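For reference, each letter of the sequence shown is one residue, going 1 to 291 in my numbering.
Remarks on the structure that follows.
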Amino acid sequence: MPENQLNQASVVVTTLLHYNVTIRDTLEYCLNKPSYDVELFKNKKRAVLIEVDQNTPLKNIINNSTENEAGAKLEKQIRDFYEEVYGDSSTILSLGTNADGKEEVRVDANQHLAIYKSVLPIHTQISSMITGILNDAHSKNIDVAEVEKVYRSEEKMFAAVAYLTLVGDLNKLFADYNKARQEAQGAVTPASNFIQQDLETVIRNINTVRATSRVTSLVFKQMEDKINALIETMTGRRDLPEGKNHNDLMRETAETVNLYVRDAEAEFRAFYPPLINKLLAQVGQNGQAAA
């Protein structure tokens with residue numbers, strides 16, 4: 001095989017990585033931004049289903065997993081995710097027209113939890129597929145070093161973006177909860193109970209990311225420890241540091257996560273595009289249709 005050619009295992013991993021990036025990028029809509037790119041939205045919407053509608057590596061893996069129902073379950077998760085988040089009748093993401101008559105992406109910021117509900121488990125399952133393929137390649141002495149490097153960078157990027165969005169929602173919900181209690185002179189109300197339920201869901205999602213992440217660097221773990229400390233102070237399981245309040249901790253934690261995202265994104269952008277370009281060039285040389 002030519003030096004610049006990807007072996008079959010690397011091709012499959014690259015296509016799965018590409019799909020996981022699409023799934024991960026849906027978390028963009030859990031960030032409060034003034035606007036979202038319309039064409040990128042349309043591309044994501046198309047990409048979510050194409051991998052399970054066509055004869056792709058992911059579809060082949062799903063089909064070969066149907067004996068234990070895991071494949072059918074994952075495909076259903078993906079299709080349900082599409083309908084709920086990207087579908088034409090979705091109330092979470094939709095296309096509309098702004099005051100200037102230009103097309104825009106509309107995001108219901110109150111439905112972030114529905115995005116996490118699908119994105120986190122789907123990404124985790126695709127990552128498990130990738131890990132299985134890499135382990136199999138290692139056992140057969142197949143060189144997958146290049147794609148494994150990119151996979152590791154994508155795992156860092158996913159965890160970074162997941163924490164960025166989840167910590168943002170954690171801080172907002174905690175502020176909303178305290179405001180609701182203050183307005184009720186400290187009493188528990190239906191409004192504060194509703195916010196508390198969302199807070200608990202966000203915390204569970206953060207714990208899920210922590211439990212499933214394969215990133216082991218000290219910098220990453222220090223960020224996780226800071227997030228965990230913030231949660232424990234919010235839930236009364238840890239005292240506030242002397243001279244600091246919850247707002248101080250929320251701000252410091254958000255700053256730490258943002259710094260990690262910056263570094264993770266720089267690494268990912270350095271590794272990922274060259275791999276995708278190599279795959280596209282190889283597909284073109286082979287006269288095959290791109291997945």
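By construction, the Cβ of each residue, glycine as well, lies at the ideal position given by its N, Cα and C atoms.
Quick caveat, the model's predicted, so the values are computed rather than measured.
Just confirm the distance between the C-beta atoms of residue i and residue j, as a whole number of angstroms; I'd bet it's less than 8 Å.
i: tyrosine 36; j: valine 107; result: 7 Å
i: isoleucine 206; j: leucine 249; result: With 8 Å as the limit, isoleucine 206 and leucine 249 do not qualify as a contact, their Cβ atoms being about 15 Å apart.
i: threonine 14; j: leucine 279; result: 5 Å
i: valine 150; j: tyrosine 272; result: 6 Å
Closest by CA to residue i, which one among the options?
i: lysine 117; options: Gly132, Thr253, Gln77; result: Gln77
i: glutamate 267; options: Leu58, Val215, Glu154, Ala184; result: Glu154
i: glutamine 111; options: Tyr29, Glu69, Glu104, Ala145; result: Tyr29
i: threonine 97; options: Ala229, Ala281, Val21, Val38; result: Val38
i: aspartate 88; options: Lys42, Ala211, Val21; result: Lys42
i: serine 127; options: Arg152, Lys179, Tyr82; result: Arg152
i: lysine 140; options: Gln8, Met157, Ala281, Pro274; result: Gln8
i: glutamate 255; options: Gly168, Pro274, Lys172; result: Gly168
i: serine 217; options: Ala229, Ala264, Gln196; result: Ala264
i: glutamate 297; options: Gln182, Gln222, His138, Gln125; result: The shown model of the chain, from 1 to 291, leaves out residue 297, and the question about it has no answer.
i: arginine 79; options: Ala109, Gly101, Thr91, Arg46; result: Arg46
Is the beta carbon of residue j closer than 8 Å to that of residue i?
i: alanine 159; j: serine 213; result: yes
i: valine 120; j: alanine 162; result: The sequence given here places leucine at residue 120; valine does not occur at that position. Yes.
i: phenylalanine 194; j: methionine 234; result: no
i: valine 12; j: isoleucine 133; result: yes
i: isoleucine 310; j: valine 85; result: With the chain covering 1 to 291 only, the question about residue 310 has no answer from this structure.
i: isoleucine 276; j: threonine 253; result: no
i: glutamate 224; j: arginine 204; result: no
i: lysine 59; j: valine 48; result: no
i: isoleucine 23; j: isoleucine 122; result: yes
i: phenylalanine 220; j: lysine 172; result: no
i: glutamate 103; j: leucine 113; result: no
i: valine 202; j: leucine 170; result: yes
i: valine 257; j: leucine 164; result: yes
i: serine 10; j: valine 147; result: yes
i: methionine 129; j: leucine 6; result: no
Helix, strand or coil for residue i, going by three-state DSSP, please let me know.
i: arginine 262; result: helix
i: threonine 97; result: strand
i: arginine 214; result: coil
i: arginine 296; result: Any question about residue 296 goes unanswered here, given that the chain covers just 1 to 291.
i: isoleucine 130; result: helix
i: asparagine 135; result: helix
i: glutamine 54; result: coil
i: lysine 221; result: helix
i: asparagine 207; result: helix
i: aspartate 198; result: helix
i: isoleucine 122; result: helix
i: valine 38; result: helix
i: valine 188; result: coil
i: aspartate 248; result: helix
i: glycine 284; result: helix
i: asparagine 4; result: coil
i: lysine 140; result: coil
Got a sec, what are the start and stop residues for the alpha helix (DSSP H) residue i sits in?
i: arginine 237; result: Per DSSP, arginine 237 belongs to no alpha helix (DSSP H) and is neither H nor E.
i: glutamate 146; result: 145-183
i: aspartate 80; result: 70-81
i: proline 57; result: 57-64
i: leucine 17; result: 8-25
Which residues bound the beta strand (DSSP E) around residue i?
i: valine 105; result: 103-107
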